[in-house]
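Residue numbers (the UniProt record's numbering): 1 to 98. A short write-up of the structure that comes next.
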Amino acid sequence: LRVSRSAAIVERARAYGYATWQGDAGPNESPIPAICAPDGSLIYLIEAGDDIYARDFHLHDAPALRDDYRGIDHLALGMEAESRDNWIIFFRTVFGFT
């Protein structure tokens, strides 16, 4: 997930009791922090404006993005009804979703 101020989001997640994770980075690799979601999956945080892919990978020319593509305007998750409230609280407290 590309965010601005990833360190602040990690600290906010910790303050609310969510586990965080950061794997070992090898030589010339960028460390990528992550937050543990309610289902145990990891949500990796990439700093906005960071050119992590150009540093860590050998990229080839790619087709240009369409002019009408701006970003993601909503998020849909499949889950059991019993876990819905946990996910809502997670996204509201950690990421400020409304």
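From the three backbone atoms N, C-alpha and C, an ideal C-beta is built for every residue, glycine too.
Pair within 8 angstroms by beta-carbon distance, residue i and residue j
i	j	result
residue 21	residue 45	no
residue 13	residue 35	yes
residue 48	residue 2	yes
Cα-Cα separation between residue i and residue j, rounded to whole angstroms
i	j	result
residue 9	residue 95	7 angstroms
residue 63	residue 82	42 angstroms
residue 78	residue 53	28 angstroms
residue 97	residue 67	26 angstroms
Residue from the options with nearest C-alpha to residue i
i	options	result
residue 17	84, 89 and 58	89
residue 86	51, 11, 73 and 40	40
residue 27	19, 5 and 57	57
Close beta carbons around residue i, own chain, < 6 angstroms, minus the five adjacent residues each side
i	result
residue 25	31
Residue burial classification, residue i (beta-carbon count within 10 angstroms, cutoff 16)
i	result
residue 33	buried
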